[in-house]
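Trainee: Using the numbering used here, the first residue of the sequence shown is number 187, and each one after it goes up by one.
From the three backbone atoms N, C-alpha and C, an ideal C-beta is built for every residue, glycine too.
Once you've had a glance at the structure underneath, I'll fire off some questions.
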Amino acid sequence: MDEQKIIKDYEKYVMPTYTRKPLVIVQGRGSRVWDIGGRAYLDFFPGWAVSGLGHAPGEVCQALSGQLKKILHVSNNYYNELQGKLAEQIIKRSFDGKVFFCNSGAEAVETAIKLARKYGNAKGKYEIITMHNSFHGRTLATITATGQAKYKRGFTPLPRGFLQVPFNDLAALKKKISAKTIAVMLELIQGEGGINVARPGYIKELVKLCNQKGLLLIFDEVQTGMGRTGKLFCYQHYRLKPDIMVLAKSLGGGFPIGAIVARRKIADTLSPGTHASTFGGSPLACAAGLAVFQAIDKNRLLANVQEAGAYLHKKLTHLKQKYPLIKEIRGLGLMLGLELGGPGQLIYEQCLKQGLLINCTHGNVLRIMPQLGVTKKEIDQAVKILTSVLAGKT
């Protein structure tokens, strides 16, 4: 099909909710994608971490293919054999509780918000404290929870009951707690906020504070979950457990799925009729999720994230020493950000021209998040392109 025809169809028939580059991707495998003209690109930002296993991962494709021959959808008024299995895998690898399945990160965060509010309803508690520079989704409630004003413009009036405080600032958080507060929600690494990492001491004290005040602690692991940081879940770096964890993106290996995990003491707060998701936990989604866990184990991907992440960080550190434009390198595992001393959009665009897909967030942070099985050879290729672009830029 003609590339220009595809682009014109978008312009004519698709709502303009994204800023798109004139690139039509038609195929992917591992760390690479190909455009309609047959040109290959090294993808170091595969779908905002959705394709955590790389493009067209064998285990996921086989699982989906097999399930397609059985049944596509089972109403949640009944049981399907895979939903319980996937929930069991998540619980066994995280913390004791129960799982609710949905279709996206925003929907999962909405569920966490509803669960927290329902839990606090009897005591008149409904306020949730979140962080500046956070990102929790695009629905009305989740943009209100998000700590970035740009996502809220034009959508007032917004729902009540959300307060924001500076990230990593316990004193500021303490001042916002009131008799109406029911929960604190945060990302342990802020993705859209610029790859800001929660300090261990801050999280340790935050857990104590929540326990003292009877507050629920919600970790949004939509982007950090499923091995991205070198642990299956990012909270495991901090040697603690939240009350609620939100998952999506890499959980389905490219197939849409979202989930929340809630401790057993609060999970049954959402009783029949209080919440639902028509497509949540479908046989296809659960087949994909089970295959992702299988692939992570079989291919020793957590070990690879640790090794490849350290190697990538070392390479980027060398770049920082060579190019003063790079002010700081932040992140864990294969979720890294390069904070620049100026705008990063041009660098992103030049990398794209040279066949490397990355991301620029917060205006001046280059976000680099390759698939979990990335090789050192692929990292070398990516850094070579980035070096070439920086050499031309500086």
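Which residues mark the beginning and the end of the beta strand (DSSP E) in which Leu-514 is found?
Mentor: Rather than Leu, the amino acid found at residue 514 in this sequence is Glu. That run of the beta strand (DSSP E) goes 512 to 518.
Trainee: Do you know offhand how far Ser-649's Cα is from Leu-395's?
Mentor: This structure cannot speak to residue 649, because the chain is shown only from 187 to 580.
Trainee: Mark Phe-341 as exposed unless 16 or more other C-beta atoms lie within 10 angstroms of its C-beta, in which case mark it buried.
Mentor: So Phe-341 ends up on the exposed side.
Trainee: Would you mind working out which of Tyr-199, Thr-205 and Gly-238 sits nearest Arg-218, comparing C-alpha positions?
Mentor: Residue Gly-238 is the option with its Cα nearest to Arg-218.
Trainee: Taking only runs that begin and end inside the segment 208 to 244, name each unbroken beta strand (DSSP E) of 3 or more residues, in chain order.
Mentor: The segment 208 to 244 contains these whole beta strand (DSSP E) runs: 211 to 215, 218 to 221 and 226 to 229.
Trainee: In terms of alpha-carbon separation, which member of Ile-257, Gly-467 and Ile-533 lies closest to Glu-274?
Mentor: Checked all of Ile-257, Gly-467 and Ile-533; the closest Cα to Glu-274 is Gly-467.
Trainee: Determine whether the beta carbon atoms of Ala-445 and Ala-577 lie at a separation below 8 Å.
Mentor: Result no, Cβ atoms of Ala-445 and Ala-577 do not sit closer than 8 Å.
Trainee: Check whether the Cβ atoms of Leu-250 and Leu-401 sit closer than 8 Å, and answer yes or no.
Mentor: Cβ atoms of Leu-250 and Leu-401: not closer than 8 Å.
Trainee: Using 8 Å as the threshold, is the C-beta distance between Gln-253 and Ala-473 below it?
Mentor: Contact: yes.
Trainee: In or out: Gln-409 buried (at least 16 other Cβ within 10 Å) or exposed?
Mentor: Gln-409 should be labelled buried.
Trainee: On the three-state DSSP scale, how would you describe Glu-493?
Mentor: Note: Glu-493 maps to helix in three-state DSSP.
Trainee: Is the segment 254 to 263 touching the segment 406 to 424 in the sense that three or more CB pairs, one from each, lie closer than 8 Å?
Mentor: No, because fewer than three Cβ pairs between the segment 406 to 424 and the segment 254 to 263 fall closer than 8 Å, the two stretches do not touch.
Trainee: Any idea if Ser-261 is buried or exposed, counting beta-carbon neighbours within 10 angstroms, 16 or more meaning buried?
Mentor: The residue is exposed, with fewer than 16 neighbouring Cβ atoms inside 10 Å.
Trainee: Among Gly-541, Ile-452 and Glu-189, which has the Cα closest to the Cα of Ala-226?
Mentor: The shortest Cα separation from Ala-226 among Gly-541, Ile-452 and Glu-189 belongs to Gly-541.
Trainee: Just verifying my parser: in three-state terms, what is the DSSP assignment at Ile-443?
Mentor: Coil, per DSSP.
Trainee: Cα separation between Leu-511 and Glu-197?
Mentor: Using only the alpha carbons, I get a separation of about 36 Å.
Trainee: Our contact map puts Leu-538 next to Cys-546 with C-beta atoms below 8 Å; I'd like the distance itself, whole angstroms only.
Mentor: With 8 Å as the limit, Leu-538 and Cys-546 do not qualify as a contact, their Cβ atoms being about 10 Å apart.
Trainee: As a quick exercise: from Pro-243, His-241, Lys-300 and Phe-231, pick the residue whose alpha carbon is nearest that of Ile-452.
Mentor: Of the candidates Pro-243, His-241, Lys-300 and Phe-231, the one whose C-alpha sits nearest the C-alpha of Ile-452 is Lys-300.
Trainee: List the residues that DSSP assigns as beta-bridge partners of Ala-448.
Mentor: BP columns for Ala-448 point to Lys-284 and Ile-430.
Trainee: What do you reckon, are the CB atoms on Arg-414 and Gly-323 nearer than 8 Å?
Mentor: No. Outside cutoff.
Trainee: Determine which residues share a DSSP beta bridge with Gln-350 and list them.
Mentor: Per DSSP, Thr-316.
Trainee: Give the secondary structure of Ala-308 by DSSP, where H, G and I count as helix, E and B as strand, and everything else as coil.
Mentor: Of the three classes helix, strand and coil, the one that applies to Ala-308 here is helix, per DSSP.
Trainee: Smallest Cα separation from Gln-492: which of Ala-302, Gly-527, Gly-333 and Cys-420?
Mentor: Nearest of Ala-302, Gly-527, Gly-333 and Cys-420 to Gln-492, Cα basis: Cys-420.
Trainee: Could you check the C-alpha separation between Thr-460 and Lys-435 for me, to the nearest Å?
Mentor: C-alpha separation (whole angstroms): 25 Å.
Trainee: Taking Gly-523 and Arg-516 to be in contact with their CB atoms under 8 Å, please state how far apart those CB atoms are, rounded to whole angstroms.
Mentor: Rounded, the Cβ-Cβ distance is 5 Å, consistent with contact.
Trainee: With DSSP as the reference, identify every bridge partner of Asn-545, one or two as the case may be.
Mentor: Arg-553.
Trainee: Looking at the unbroken alpha helix (DSSP H) that takes in Thr-330, where does it start and where does it end?
Mentor: First-last of the alpha helix (DSSP H) with Thr-330: 326 to 331.
Trainee: Just the Cα atoms here: how many angstroms apart are Val-569 and Gly-379?
Mentor: Taking the straight line joining both Cα atoms gives about 23 Å.
Trainee: Here's the rule I'm using: 16 or more other beta-carbon atoms within 10 Å means buried, otherwise exposed. How should Ala-298 be labelled?
Mentor: Buried.
Trainee: Could you spell out the range, first to last residue, of the beta strand (DSSP E) harbouring Gly-270?
Mentor: That residue, Gly-270, is in no beta strand (DSSP E); its alpha helix (DSSP H) goes 269 to 279.
Trainee: Within 10 angstroms of its Cβ, does Gly-270 collect 16 or more other Cβ (buried), or is it exposed?
Mentor: Gly-270 should be labelled exposed.
Trainee: State buried or exposed for Asp-188, treating a residue as buried only when at least 16 other CB atoms are found within 10 Å of its CB.
Mentor: Its Cβ having fewer than 16 others within 10 Å, Asp-188 is exposed.
Trainee: Are Ile-443 and Asn-289 closer than 8 Å when you measure CB to CB?
Mentor: Yes, Cβ-Cβ distance for Ile-443 and Asn-289 is below 8 Å.
Trainee: In this structure, what does DSSP give as the bridge partners for Glu-525?
Mentor: Per DSSP, Glu-514 and Val-551.
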